[in-house]
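Inspection log for the structure reproduced underneath, given as structure tokens.
Residue numbers (full-length UniProt numbering): 1 to 108.
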């Protein structure tokens, strides 16, 4: 599934207000970080990740690894943060950042 530019724009708007939920350092993705990434995507669908990696090329490589591991899609990469989305048809409406934003803004 590929996100349309309209979906990406809507998700960037939602993501602007989110705090990073997972932090990845130069040491790579630890077992705990992988589990947290999986839980966060399952619960929230749209998440912000902080990349505590100084080199741009290394950050980009880590983003690609995160996408491959999680099956998520990159919505936006800006500086040391990345916004990832993975649809969950069984997401809890109280936890899903996407569903909460739709309810809040009245979008369908």
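Glycine included, each C-beta is placed from N, C-alpha and C at the ideal position.
Taking C-beta to C-beta, are residue i and residue j nearer than 8 Å?
i          : j          : result
residue 73 : residue 67 : yes
residue 53 : residue 25 : yes
residue 37 : residue 65 : no
residue 51 : residue 98 : no
Can you grab the Cα-Cα spacing for the pair residue i / residue j, in whole Å?
i          : j           : result
residue 49 : residue 83  : 6 Å
residue 93 : residue 100 : 6 Å
residue 71 : residue 104 : 27 Å
residue 89 : residue 55  : 36 Å
residue 75 : residue 27  : 24 Å
residue 21 : residue 79  : 16 Å
residue 2  : residue 31  : 28 Å
residue 6  : residue 39  : 26 Å
residue 9  : residue 81  : 16 Å
Shortest alpha-carbon distance to residue i belongs to which of the options?
i           : options        : result
residue 69  : 33, 81, 44     : 33
residue 77  : 6, 61, 39, 102 : 61
residue 23  : 102, 63, 91    : 63
residue 180 : 11, 4, 3, 5    : In the structure displayed, the chain extends from 1 to 108; residue 180 sits before or after that span and is not available.
Taking residue i and residue j to be in contact with their CB atoms under 8 Å, please state how far apart those CB atoms are, rounded to whole angstroms.
i          : j          : result
residue 96 : residue 44 : 6 Å
residue 86 : residue 41 : 4 Å
Per DSSP, what are the beta-bridge partners of residue i in this structure?
i          : result
residue 93 : Beta-bridge pairing links residue 93 to no other residue.
residue 73 : 85
residue 24 : 51
residue 46 : 85
residue 78 : 81
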